[in-house]
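Engineer:
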Amino acid sequence: MNKMGIKWLYQELPELITKGILTKEIADKMRQYYGEVKSISKTTVMLIILGTIGALLIGLGIILLLAHNWEQFSRFTRAVLSLVPLVIGQALALWVLWKRPQSGAFKEGSATFLSLMVGASIALISQTYNIPGDTGTFILTWMLLIIPLVYLMQASIPAVIYLIGITAWSGTHGDNPVTSVLFWPLAAITIPHFIWALRQEMYALRAALFSLAMIICVSYAASFSLGKTWPGSWVIIFPSLYSVFYFLGRLEVNKITTNWQRPLRLIGAMGLFILAFLFTFRYIWQYLDEYSYITSENIAGISALPDYIVTIAIIAGALLLFYDKVKLKNITISLPGAVPLLAIIAYFFRGQSIVIPLTIFNVYLFILSLSRITAGIRGSNLAVVNTGMLMLAILIIARFFDSDISFIIKGLVFIIVGIGFLVTNAILARRMRGAK
Amino acid sequence: MNRGLIIGLFLCLSFIQITTPLSMIIKRESVLKAGAQFKFKTTPVDPYDAFRGRYVALRLEENYVPAVKEIKLSRGRTVYALITIDSQDFARFTAVVTARPSDKPYIQTKVLYVTGDKVYLDLPIDRYYMEETSAPAAERIYQEHAQRGKQDAYVMVRIKDGFAVIESLYVGAQTIEDALRQERKR
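Below you can see the structure in the form of structure tokens.
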């Protein structure tokens, strides 16, 4: 049961007792059973948000002021100046750890500020001493210096900054997959923090923000670092990634209810649908080998090993999570996660047949949208029915404009699907009437 | 974790956070103090860096050495570029070696790419940071200067143990800052 429901129940209890529907003992037992509702006041949440945004803006402002490059200062003054913001940031964070170790707002804000000041300090030194423009090294040094803050101060914005930073670093090595694949172990450092954040019921916002950053960064990093030795492998890698996101979002680690608080589940499912939809187009399979991002340098043997390990781990993770849900026989939940498996099957037919992959994904999307619709009807949830309808409509419209299927086949399929619709509709209508 | 331990660990982190930039400063200061001086001919142009501000991008006129058939050099390989001084007092690279030289001046650098008979070097002399408004002006001064047929911009670099730190950028006989100051007076 979710938090809101329990709150509502507790509000109702006194009235139920006075009206004699429940006895006081039963009400007390219910309170014991559900436990206390921990709630965090709106003011505290606002304090955290405003404090963090304030720290972020001031930090970025200082970076810009320093970037102006004050040439009237001597080299010595600038060397000292470049350490000052860092020391201020550290002093602030130390004060918070000493005096306000319980305050999430203070910790998040001061850790964010200190994270930015580390960057400002290195940037100003680069400026003063004309350090060569190696952006990758600059970012990586910065990120490694701030990552401990995530754990020492339990702060999520530094973790988000870190994720964005290592993604950018991985991007600067996009032409060198042997280096950029190091993104994965670097990103893994944030996982304990992520699990901790998910468990903090009062910080649903924090977990949502972090998941969002992770989805975006991991997607970019995957394109920078994975599948470089294996043409067309993206059709398996990306569905596997989004499938992992989707199933992680499905884990009941927290009693959050709305979609917006579960970006992993929402974006994971949307990503899987979009990918499966793309896979119903002929050109994806036709030009699969040409679309791959093989670099000019040939990597093979030992140097390609990390790429293989990460890729296989992601695919295996997606398949295992899928199998886990299939075992529970919950088709509505597990079906979106079938895309990686189907992509693997389709991948083996590449070059030999384009019709087989296209058939697989058209049929799959058809079943997927039908399963949404029926699940929605069963649970009398109109929103679910409508998303299923929308998915089906997108699929049908796309096929209507496909030029390479003969009009006769297209016409026949449309008629059959239309009849199917009317029949299911009639059956459902009868059943619903019968239920009443 | 108790508060004492967290604060202790935080102090360790603070120490590392301070020593990283500090060591960057000390290393460069020591080169600027004790390193030997070299002049490299260059072409300045003006780009922009969101974090570190405006700078003049430097392109050394001779950023390559003749390739030697015996040594196979691939991209990103660390090499040592040997420096000699020509008759006009400018420094230029004569060759690259793969072992650290003991008696000749050199810069530690990486191979950018190899084409035919030339090995291009990824030299650590590529940016000269300037005040926001100065960098575009500096580029313009150089262009005007170059049109008068005098392409004598050069960068003064100090080198110690193969580590190079830029000291100043010259256009003609003046530093770029002096040239700018003079132009503003006019």
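Chains as they are written, first to last, in our numbering: chain C, 6 to 441; chain D, 12 to 197. No residue lacks a Cβ here, since even glycine has one placed at the ideal position from N, Cα and C.
1) Going by beta-carbon coordinates alone, are alanine 323 of chain C and serine 374 of chain C separated by less than 8 angstroms?
2) For threonine 285 of chain C and valine 176 of chain D, what's the separation of their Cα atoms in angstroms?
3) Using the Cα positions of glutamate 178 of chain D and valine 168 of chain D, report the straight-line distance between them to the nearest angstrom.
4) Extract the residue ranges of the alpha helix (DSSP H) inside the region 278 to 365 of chain C, only unbroken runs of 4 or more that lie entirely within it.
5) Going by CA-CA distance only, name the one from C:Gly423, C:Gly416, C:Phe243, C:Tyr15 that's closest to alanine 398 of chain C.
6) Quick one: give me the first and last residue of the beta strand (DSSP E) that methionine 167 of chain D is part of.
7) Does isoleucine 29 of chain D get closer than 8 angstroms to chain C when you measure Cβ to Cβ?
8) Can you tell me whether lysine 112 of chain C is buried or exposed, with buried defined as 16 or more other CB within 10 angstroms of its CB?
9) In the DSSP assignment, what are the bridge partners of threonine 89 of chain D?
10) If you run the structure through DSSP and keep just helix, strand and coil, what is isoleucine 96 of chain D?
11) I'd like to check one pair, leucine 168 of chain C with threonine 195 of chain C: are the Cβ atoms closer than 8 angstroms?
12) Which residue's Cα is closest to the Cα of proline 32 of chain D: C:Leu52, C:Ser126, C:Leu14, C:Glu30?
13) Are there 16 or more other CB atoms within 10 angstroms of the CB of tyrosine 38 of chain C, so buried, or fewer, so exposed?
14) For the 8 angstroms Cβ check, are there 3 or more pairs between the region 215 to 225 of chain C and the region 346 to 364 of chain C?
15) If I measure Cβ to Cβ from glutamine 95 of chain C and keep anything under 7 angstroms in the same chain, skipping five residues before and after, which residues do I get?
16) Run the CB neighbour count on glutamate 150 of chain D, radius 10 Å, all protein chains shown included, and call it buried at 16 or more, exposed below.
17) What's the gap between the Cα of glycine 254 of chain C and the Cα of alanine 281 of chain C?
18) Give the single residue among D:Ser34, D:Gln185, D:Phe21, D:Asp128 whose Cα lies nearest to the Cα of isoleucine 152 of chain D.
19) Alpha carbons only, please: which of C:Gly232, C:Thr172, C:Lys104, C:Gly114 is nearest the one belonging to alanine 309 of chain C?
20) DSSP state of methionine 6 of chain C, grouped into three classes?
21) In three-state DSSP terms, what is proline 197 of chain C?
22) Kindly list, in the order they appear in chain C, the residues whose Cβ is closer than 8 angstroms to that of isoleucine 177 of chain D.
23) Go through its chain and collect everything with a Cβ distance to glycine 59 of chain C's Cβ below 8 angstroms, but skip five positions before and after it.
24) Work out the CA separation of serine 216 of chain C and lysine 393 of chain C for me, nearest whole Å.
25) Where do the N-terminal and C-terminal ends of the beta strand (DSSP E) with tyrosine 75 of chain D fall, by residue?
26) In terms of DSSP beta bridges, what is phenylalanine 174 of chain D paired with?
27) Which chain D residues sit within Cβ distance under 8 angstroms of proline 106 of chain C?
28) Give me, in chain order, the residues of the same chain whose beta-carbon lies closer than 8 angstroms to that of leucine 277 of chain C; leave out the 5 immediate sequence neighbours on both sides.
29) Where do the N-terminal and C-terminal ends of the alpha helix (DSSP H) with phenylalanine 101 of chain D fall, by residue?
30) Keeping to the same chain, check which residues put their C-beta closer than 8 angstroms to that of tryptophan 1 of chain C; ignore five residues upstream and five downstream.
31) Spatial neighbours of aspartate 100 of chain D within its chain, please: C-beta separation below 8 angstroms, excluding the five flanking residues on both sides.
32) Could you check if alanine 190 of chain D is buried or exposed, using at least 16 other CB atoms within 10 Å of its CB as the buried criterion?
33) Below 8 angstroms, can you find three or more Cβ-Cβ pairs linking the region 63 to 79 of chain C to the region 8 to 22 of chain C?
34) Could you have a look at serine 179 of chain D and say whether DSSP puts it in helix, strand or coil?
35) Over the uninterrupted alpha helix (DSSP H) stretch that includes tyrosine 139 of chain D, give me the two end residues.
36) How about the region 84 to 99 of chain D and the region 21 to 38 of chain D: do they share at least three Cβ pairs that are nearer than 8 angstroms?
Structural biologist: A quick look at the data gives this:
1) In terms of Cβ geometry, alanine 323 of chain C and serine 374 of chain C do not form a close pair [threshold 8 angstroms].
2) 57 angstroms
3) Rounded to whole angstroms, glutamate 178 of chain D and valine 168 of chain D show a C-alpha spacing of 5 angstroms.
4) 287 to 291, 310 to 332, 336 to 339, 344 to 353
5) For the residues C:Gly423, C:Gly416, C:Phe243, C:Tyr15, the minimum Cα distance to alanine 398 of chain C belongs to C:Gly423.
6) According to the DSSP assignment, methionine 167 of chain D belongs to the beta strand (DSSP E) that extends over 164 to 171.
7) yes
8) buried
9) Answer is D:Lys121, bridged to threonine 89 of chain D.
10) In the three-state scheme derived from DSSP, where H, G and I count as helix and E and B as strand, isoleucine 96 of chain D is classed as strand.
11) Judged by beta-carbon spacing, leucine 168 of chain C lies within the 8 angstroms limit of threonine 195 of chain C, meaning their Cβ atoms are closer than that value.
12) C:Ser126
13) exposed
14) no
15) Leu119
16) buried
17) 19 angstroms
18) D:Gln185
19) Comparing Cα positions, the closest option is C:Gly232.
20) Reliability of the predicted coordinates at methionine 6 of chain C is poor, the pLDDT of 45 falling under 50, and the value obtained from them is presented with this limitation in mind. Reduced to three states, the DSSP call for methionine 6 of chain C is coil.
21) helix
22) Tyr134, Asn135
23) Around glycine 59 of chain C: Gly114.
24) In the sequence as presented, lysine is not what sits at residue 393 of chain C; that position holds glycine. Distance between the alpha carbons of glycine 393 of chain C and serine 216 of chain C: 25 angstroms.
25) 75 to 77
26) D:Lys171
27) Arg14, Ile17
28) Pro244, Tyr247, Ser248, Tyr251, Pro341, Gly342, Val344
29) Per DSSP, phenylalanine 101 of chain D belongs to no alpha helix (DSSP H) and is neither H nor E.
30) With chain C covering 6 to 441 only, the question about residue 1 of chain C has no answer from this structure.
31) Contacts found: Lys50.
32) buried
33) no
34) strand
35) Segment 138 to 140 is the beta strand (DSSP E) holding tyrosine 139 of chain D; no alpha helix (DSSP H) there.
36) no
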